[in-house]
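For what it's worth, the numbering used here labels the leading residue of the sequence shown as 30, then goes sequentially.
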Amino acid sequence: MEIPFKFERITDNVYAFIQGNGDWFLSNAGVIIGKEYAIVVDSLTNDKMARNFISQIRRVTDKPIKFLINTHEHEDHLWTNYLFNAITICHINCRKKTLEGMKRGTNPFQNLFFNVDFSGWKYVPQDLTLRDEMSIFIDDKEIKIVYVGYAHTTSDVYIYLPDEKVVFTGDLLFSPPCTPFALMGNIQ
Numbered sequence: 030m031e032i033p034f035k036f037e038r039i040t041d042n043v044y045a046f047i048q049g050n051g052d053w054f055l056s057n058a059g060v061i062i063g064k065e066y067a068i069v070v071d072s073l074t075n076d077k078m079a080r081n082f083i084s085q086i087r088r089v090t091d092k093p094i095k096f097l098i099n100t101h102e103h104e105d106h107l108w109t110n111y112l113f114n115a116i117t118i119c120h121i122n123c124r125k126k127t128l129e130g131m132k133r134g135t136n137p138f139q140n141l142f143f144n145v146d147f148s149g150w151k152y153v154p155q156d157l158t159l160r161d162e163m164s165i166f167i168d169d170k171e172i173k174i175v176y177v178g179y180a181h182t183t184s185d186v187y188i189y190l191p192d193e194k195v196v197f198t199g200d201l202l203f204s205p206p207c208t209p210f211a212l213m214g215n216i217q
């Protein structure tokens with residue numbers, strides 16, 4: 030099944046990869062492009078989706094992807110990290126959940142979502158973690174990675190680009206409507 034998507038330019042150097050009809054395991058992702066390298070926000074559920082995203086990135090830049098930031102612990106945001114050949118960053122609780130998944134060694138959703146293509150899924154531990162906040166830089170621009178506390182999950186971060194006035198929220202917001210989705214978290 031072909032998943033519809035949009036690759037939208039948000040600013041001169043920021044793009045959003047927006048998938049499909051909002052069904053389960055159809056997460057969105059983003060890319061920030063600098064003079065020397067790019068930063069990706071979230072990988073995707075399966076290798077086909079991730080390779081499609083990478084091909085869209087390659088249409089606008091040939092710069093290497095240096096960092097990949099996971100917004101939270103859910104698999105549709107991290108299962109294809111390994112395809113990006115980048116230094117991965119996440120909240121410490123996200124890495125803990127990834128390690129638990131590696132130890133389990135199975136796909137916990139395979140028998141629940143029969144219509145989802147899980148090809149190429151793989152747990153790979155992230156390289157760097159944060160507890161509260163971290164900044165990385167692309168060119169002279171700050172990229173803030175901020176932990177929000179117990180929200181959609183126990184590991185949610187948002188990525189804020191102050192100079193661009195852009196924020197990547199992961200699953201902290203769903204649209205339409207733009208609502209919180211606690212699932213494994215807490216809206217308090």
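Don't be surprised by glycine CBs; every beta carbon is placed ideally from N, CA and C. Computed from a predicted structure; not experimentally measured.
Is the distance from the Cβ of residue 168 to the Cβ of residue 100 below 8 angstroms? no
State yes or no: is the C-beta of residue 107 within less than 8 angstroms of the C-beta of residue 84? no
C-alpha gap between residue 124 and residue 155, whole angstroms: 6 angstroms
Is there at least one non-hydrogen atom of the ligand GTP closer than 7 angstroms to the beta-carbon of residue 80? Ligands in the displayed structure: none, and consequently the ligand GTP is not present.
To which residues of the same chain is residue 177 closer than 6 angstroms at the C-beta, ignoring the five residues directly before and after it? 185
Give me the Cα-Cα distance between residue 148 and residue 161, rounded to the nearest whole angstrom. 33 angstroms
Quick check on residue 107: does DSSP put it in helix, strand or coil? coil
For residue 131, is the classification buried or exposed, using 16 other Cβ atoms within 10 angstroms of its Cβ as the cut-off for buried? exposed
Out of 102, 190, 32 and 136, which has the shortest C-alpha to C-alpha gap to residue 68? 190
Ignoring anything shorter than 4 residues, give me the alpha helix (DSSP H) runs that lie fully in the segment 110-165, in order along the chain. 121-133
Between which two residues does the alpha helix (DSSP H) harbouring residue 203 extend? Here residue 203 belongs to no alpha helix (DSSP H), and DSSP marks it neither H nor E.
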